[in-house]
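Visitor: Going left to right, the sequence shown walks through residues 1 to 87 as UniProt numbering numbers them. Even for Gly, the Cβ is constructed at its ideal location relative to N, Cα and C. All values derive from a computational prediction rather than experimental measurement.
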Amino acid sequence: MEYKLLEEQDLGLMLDFVDDENTKYNVDVLKKFIDNKNDFGFIAKINNKIVGFAFGYILLKPDGRKVFYLDAIDVMPDYQGKGYGTG
């Protein structure tokens with residue numbers, strides 16, 4: 001299992017997720033996500049196949065603190081229940 005930041009070269013591997021009618025992400029949204037320095041995408045790969053992802057972004061709190069907001073997390077059905085989407 002490899003965990004890494006989502007990069008533009010990974011977008012083609014994300015098609016299994018973005019073709020799902022239940023997701024709000026598509027390739028265009030993911031490209032914008034990658035280009036924004038406050039947005040982060042993390043992927044989990046097995047044998048060059050993305051089996052899970054998490055997306056979030058940095059928020060600035062009123063007191064000036066920065067916090068990470070986790071917006072979405074998903075694991076392919078065949079890999080669910082194996083601990084890949086847990087901390």
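1. Whose C-beta lies closer than 7 Å to the C-beta of residue 95 among residues of the same chain, with five residues either side of it excluded?
2. Using a Cβ-Cβ cutoff of less than 6 Å, which residues in the same chain neighbour K45 once the five nearest sequence positions on both sides are dropped?
3. Could you pull out every residue in the same chain whose Cβ sits closer than 7 Å to the Cβ of V75, ignoring the five residues on either side in sequence?
4. Return the CA-CA distance between F68 and L59, expressed in angstroms with no decimal places.
5. CA-CA distance, K32 and K82?
Guide: By the coordinates alone:
1. With the chain covering 1 to 87 only, the question about residue 95 has no answer from this structure.
2. The count along the sequence shown starts at 1 and reaches residue 45 at position 45. Here the set comprises E2.
3. Along the sequence shown, read from residue 1 onward, the residue named residue 75 stands at position 75. Here the set comprises V51, G52, Y84 and G85.
4. Within the sequence shown, residue 68 is the residue found at index 68, counting from 1. Within the sequence shown, residue 59 is the residue found at index 59, counting from 1. So the alpha carbons of these two residues sit roughly 6 Å apart.
5. Along the sequence shown, read from residue 1 onward, the residue named residue 32 stands at position 32. Along the sequence shown, read from residue 1 onward, the residue named residue 82 stands at position 82. Rounded to the nearest whole angstrom, the CA to CA distance from K32 to K82 is 31 Å.
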